[in-house]
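Residue numbers (UniProt numbering), protein chains in the order written: chain A, 1 to 671; chain B, 1 to 671. Backbone N, C-alpha and C fix where the C-beta goes; we use that ideal spot for every residue, glycine too. Just below is one structure, and these are the notes that go with it.
Written as structure tokens, this is what we have:
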């Protein structure tokens with residue numbers, strides 16, 4: 001990575017690729033003002049921006065290591081940038097604004113039509129971002145996420161919730177380029193990373209950011225390693241995770257525990273029982289929701305304390321659920337209100353958020369008292385002390401931007417994207433303070449820069465219970481790969497999907513295909529979905545129980561290999577699920593593939609993500625001989641092949657000379 | 001209207017209302033650059049703009065009558081504006097750009113939340129434009145025009161044709177304000193008039209326009225008069241129009257003429273027979289389309305020449321159809337190609353446009369030869385010489401913006417909006433050159449600035465065959481009122497609507513409600529719609545034939561009054577259909593009403609535009625006593641009242657002391 005001064009400007013380049021070229025004729029930086037309108041409805045945000053000024057910073061004055069930028073030679077300097085080469089491969093731009101009246105900033109980077117770009121958090125629709133723009137704002141991901149589908153149309157119409165390709169619980173202003181550099185903007189402001197232009201990228205940020213970091217690496221793996229160091233690495237997975245699947249059930253004590261028993265009777269290896277309804281239930285028109293008062297519901301789980309101990313004796317853990325909000329009609333709300341732990345509105349009342357037929361107070365995690373109380377009274381006392389070994393730390397995307405005042409006095413528009421990380425840090429600290437890291441785990445769907453540091457496990461959010469292009473099974477792979485490149489080593493999803501609306505129902509086929517994929521993710525976990533009674537469940541069909549038993553046994557069989565990947569993640573930050581190209585840089589065919597992945601460096605997985613198919617087309621990267629697991633056939637890479645695709649036989653291939661070859665070979669023997 | 005110089009700027013005001021206040025802190029003018037992306041599909045345009053610079057013109061230098069604008073005191077002057085007060089009430093801003101590199105221009109006007117704004121061409125969804133932005137670009141108006149409806153969803157999905165509230169065949173960069181001024185920008189570039197902000201309007205134009213005209217008037221009628229002079233007035237309607245209804249039929253000679261006979265046998269007064277299929281037919285998946293080769297189809301109308309003469313003997317005129325394109329598979333295409341009359345693409349081939357399963361050449365009306373040929377060989381020889389008395393001059397909105405080269409060398413992006421007026425002028429000239437103005441008529445849906453000067457009659461385009469909010473019967477009223485304010489005195493619509501897609505079918509009820517409204521428009525004309533066989537037609541039901549006969553008789557009964565309105569239009573430019581507020585300025589309740597209108601100054605019409613209703617709510621303006629036509633009841637204005645709403649008894653009211661009282665009173669006696 002090099003910084004070169006040229007006439008009236010400068011160049012930043014890596015190898016022969018010019019990333020940024022700034023001249024007075026073609027400036028790379030612009031500053032301006034804008035007036036935003038943000039309308040929110042249950043975690044869906046309608047964001048409009050009206051740009052009132054956009055000034056090209058044409059003129060530069062270079063002094064030592066500092067460059068001053070202005071509109072023209074005779075205008076005052078608006079912005080100063082100092083460049084620090086953190087090492088020979090990385091550059092940091094530290095930005096200082098002389099006039100604070102500007103609130104929009106643009107950076108233009110060179111590109112070309114062949115460049116590939118990845119990252120921007122957990123992207124569910126497009127892995128290669130080139131060709132589109134990506135507004136970066138944590139929110140509900142949308143239902144259907146495709147304006148051409150009926151379910152998105154209906155969700156938009158009735159709930160403003162249809163979403164689009166860029167909506168995600170976890171955005172991040174960081175991307176990697178096929179030119180072997182990574183680019184990160186230090187901001188929590190709304191931003192729009194626009195890769196839609198052939199010959200440039202344009203990043204727009206709703207503030208003048210403090211700094212910009214640019215990393216270079218000879219290989220993509222090297223870049224991932226750097227980013228994972230920069231954003232923080234996750235602890236290793238708890239040992240108990242490897243025991244099998246986590247069953248998600250929310251039918252109350254008798255129902256959940258007896259169904260667990262049934263699963264065990266069918267020889268399904270179970271690592272945990274996850275009852276998100278541990279704190280109670282609330283019926284809404286959306287489906288079965290939870291009672292957001294984070295304490296053991298003795299009504300719904302009368303003997304939970306004893307039950308958790310009994311489970312432990314069987315080497316099965318119990319998992320629960322929390323969110324960073326408390327419902328108005330719960331007991332804890334009263335306590336938190338009394339203690340002044342909520343964010344307030346202009347009338348000095350608790351700032352409430354509509355979660356769909358119920359309202360909750362926003363716990364103000366910028367306040368030390370709130371963090372301590374939530375950690376001590378809820379996470380430690382109500383969860384850990386009860387023997388709970390994990391939880392879904394849900395939500396984090398809903399921070400309203402209007403009529404809310406936070407203790408740290410920062411504008412909620414700037415705090416909105418910061419919230420997921422803040423929420424993750426509260427959970428992480430509770431574990432650290434109890435010394436339970438690597439023993440207790442929580443998993444989140446929301447995220448932002450530095451989530452990596454706090455959140456030990458991502459989950460892919462709420463897919464539709466279908467095979468749809470933008471909200472179905474396949475989107476989970478895209479999410480894992482994009483988040484993984486930014487240093488999120490662990491990813492998993494609701495087996496079977498979650499959202500069932502407007503007549504859409506989960507089928508047995510979908511559920512079983514999802515299991516077949518989840519075997520090759522670090523954690524297997526089922527979910528009943530939002531409307532359990534109307535959707536296919538793992539135990540309503542004998543053959544599915546048997547299928548699940550066999551597939552979880554394969555997961556267990558692979559645990560030695562998985563543990564090696566966990567070690568790699570710990571040491572180098574490599575994600576467990578990886579895009580093909582990080583291991584096959586020279587094979588350009590791999591750069592756009594987003595529905596296959598490498599499970600570690602040795603195993604290629606190509607999940608079947610369409611309905612009613614009997615065979616499946618797979619790309620095998622070049623310069624490798626692949627072994628098809630199910631019949632041992634050796635196939636030369638560098639070509640597409642078609643394999644049979646019955647349920648229970650997901651298309652998986654390993655490298656012919658893999659050190660793990662024997663383990664993979666034996667998958668076929670597991671019954 | 002006054003121009004006042006203040007420190008670092010100026011003010012333009014009318015009475016006490018400041019229209020424009022320019023200071024260095026709050027500049028009213030901005031200049032910049034943008035890169036547009038225009039994707040078109042069958043007349044539907046997807047327009048994206050990427051603003052790369054937007055410079056506030058903060059600093060002014062005032063010399064005599066000229067103001068120079070620059071970014072700041074030390075920057076060069078970018079723009080000069082001279083102000084000419086054309087009379088004490090009007091101001092013209094003549095704009096000169098010193099650097100031609102800028103292609104975006106913004107004007108900011110003062111506003112407040114109570115201001116009302118009208119105009120911007122023929123707007124079908126919203127009459128008062130305040131609160132929304134209006135991109136001004138002639139195009140298909142869309143099917144459904146409401147993203148919350150199934151038909152718009154399906155039209156978007158399958159045809160990119162759903163449209164939105166601002167899509168119109170006839171945009172115009174001109175608006176009127178409730179502060180009694182009118183604002184016009186002299187440009188044919190794409191523009192976006194944004195009235196969505198509480199305290200300002202912002203007009204964005206894709207060029208630095210030559211000039212801006214601002215008119216003031218003590219009354220709205222005075223403003224209309226000024227605008228109609230500015231944009232040109234229409235000739236009076238031909239006398240034969242008053243004879244009754246124009247029947248739109250397209251079943252070929254035998255079918256069309258025998259159905260006309262049937263109508264006459266049912267005592268329906270008929271002014272004209274309009275056979276748009278006179279040049280032949282083409283079946284597409286959309287429905288029955290026409291064969292775009294503008295000459296008498298002897299196959300479909302074997303004895304048309306004689307038939308036209310026979311009709312004339314019965315005092316009935318024959319009307320036809322043309323568009324500014326020729327289909328590839330027609331004979332005239334060959335001729336025009338041979339003569340070089342088409343616009344060309346980069347390969348020097350004829351520039352073709354996709355009209356939905358058929359392609360047409362774009363006649364280049366910027367070329368004198370093309371205009372002359374089309375006027376002489378088509379309009380005069382093929383239409384007028386055959387005895388045709390009128391035609392639909394369809395389309396005009398489809399000029400592509402890419403890969404098309406025009407003889408006048410102007411960029412097609414700038415010519416796109418100019419095309420409807422150009423097309424109107426060709427038609428108008430043919431009539432003028434034959435001395436047939438006021439005797440032969442044509443009607444258009446597309447329009448732009450100066451359409452008023454050339455097009456004698458607007459028609460409201462293609463509504464859905466329903467009562468829907470954004471594409472049904474009621475939108476025709478909004479279209480008439482908004483276009484009328486800009487000096488388009490004559491407006492009418494397809495009785496029964498046009499578009500039948502995705503299972504939507506015209507009902508008898510809709511057809512009859514539409515007739516009930518059309519009686520109170522200057523011209524009555526039916527249309528079979530795009531799928532005649534699947535939709536209700538006037539003659540498939542005895543009772544509808546009788547209903548139609550009675551309603552057309554009411555139209556005829558009102559002809560003396562209508563002629564007085566035509567005279568008024570000729571002398572003062574007042575439209576026949578007028579918003580309530582132009583006659584009731586002091587009653588602010590009238591300012592937002594868009595589903596009632598004054599038919600002239602004397603008759604208030606409140607068309608029933610919902611399905612299955614038995615009564616109808618009407619607002620009667622204050623300071624007038626109104627007579628309800630159907631029972632003679634006198635009602636004090638300034639209130640909402642509810643009247644029965646059977647078909648055949650449209651809610652109409654006249655002023656108690658109207659000079660036309662006897663005529664209106666006798667409507668009830670017409671059987």
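Sequence-distant partners of residue 665 (chain B) (beyond 5 residues in either direction) whose C-beta falls short of 6 angstroms from its own C-beta are missing from its chain. Our two residues, residue 158 (chain A) and residue 293 (chain A), have alpha carbons roughly 28 angstroms apart in a direct line. Annotation: the continuous beta strand (DSSP E) that includes residue 121 (chain A) extends over 117-121. The criterion of a C-beta distance shorter than 8 angstroms is not satisfied by residue 94 (chain B) and residue 256 (chain B). Taking a contact as a CB-CB distance under 8 angstroms, the pair residue 354 (chain B) and residue 578 (chain B) does not count as one, their CB atoms being some 39 angstroms apart. Between the C-alpha atoms of residue 115 (chain B) and residue 47 (chain A) there is a straight-line separation of about 26 angstroms. Contact between the stretch 251-268 of chain A and the stretch 213-228 of chain A is absent, with fewer than three C-beta pairs closer than 8 angstroms.
For the pair residue 646 (chain B) and residue 473 (chain B), the CB atoms are not nearer than the 8 angstroms cut-off.
Taken through DSSP and simplified to helix, strand or coil, residue 551 (chain A) comes out as helix. Nearest Cα to residue 181 (chain B) within the set B:590, B:12, B:105, B:328: B:12. Near chain B, meaning a CB-to-CB distance below 8 angstroms, the residues of the stretch 138-161 of chain A are 147, 148, 150, 153, 156, 157.
With a threshold of 8 angstroms between beta carbons, residue 72 (chain B) makes contact with chain A. When the five nearest sequence neighbours on each side are left out, the beta carbons in the same chain lying within less than 6 angstroms of the beta carbon of residue 274 (chain B) are those of 246, 248, 319, in order along the chain.
Within its own chain, the residues whose Cβ lies closer than 7 angstroms to the Cβ of residue 76 (chain B), once the five positions on either side in sequence are excluded, are 70, listed in chain order. Shown here for residue 191 (chain B): same chain residues with a beta carbon closer than 7 angstroms to its own, the five before and five after excluded, namely 136, 173, 185, 203, 204, 205, 206 in chain order.
Distance from the Cα of residue 326 (chain A) is smallest, within the candidate group A:352, A:145, A:602, for A:352.
Counting only runs of 4 or more residues that sit fully inside the stretch 416-449 of chain A, the alpha helix (DSSP H) segments are 419-433, in chain order.
For residue 53 (chain B), the closest Cβ of chain A is nearer than 8 angstroms. From the beta-carbon of residue 32 (chain B), the residues of chain A found nearer than 8 angstroms are 54. In the DSSP assignment, residue 360 (chain A) falls within the unbroken beta strand (DSSP E) covering 359-362.
Per DSSP, the beta-bridge partners of residue 211 (chain A) are A:94, A:186. The stretch 459-471 of chain B makes contact with the stretch 490-510 of chain B: 3 or more CB pairs, one atom from each, lie closer than 8 angstroms. Per the DSSP secondary-structure output, residue 5 (chain A) pairs in a beta bridge with A:10. Distance check between residue 651 (chain B) and each of B:437, B:660, B:630 places B:630 closest, using alpha-carbon atoms only.
Under the DSSP assignment, residue 391 (chain A) falls in the beta strand (DSSP E) whose first and last residues are 390-393. Around the Cβ of residue 64 (chain B), a 10 Å sphere holds fewer than 16 other Cβ atoms; the residue is exposed. In this structure residue 418 (chain A) is buried. Its beta-carbon is surrounded by 16 or more other beta-carbon atoms within 10 angstroms. Annotation note: the stretch 518-568 of chain A contains the following uninterrupted alpha helix (DSSP H) runs of length 4 or greater, listed N- to C-terminal: 542-557. Assigned with DSSP and collapsed to three states, residue 490 (chain A) falls in coil, not helix or strand. Straight-line measurement puts the Cα of residue 152 (chain A) at about 44 angstroms from the Cα of residue 658 (chain A).
Residue 526 (chain A) sits close to residue 538 (chain A), with the two beta carbons spaced by under 8 angstroms. For residue 318 (chain A), no alpha helix (DSSP H) encloses it; the enclosing beta strand (DSSP E) starts and ends at 317-322. Residues of the stretch 72-89 of chain B whose Cβ lies closer than 7 angstroms to any Cβ of chain A, in chain order: 72, 74, 75.
For the 8 angstroms CB-CB criterion, residue 441 (chain A) and residue 575 (chain A) do not form a contact.
About 13 angstroms separates the beta carbon of residue 373 (chain B) from that of residue 322 (chain B), a gap too long to meet the 8 angstroms contact definition. Annotation: residue 506 (chain A) is outside any alpha helix (DSSP H) and is labelled neither H nor E by DSSP.
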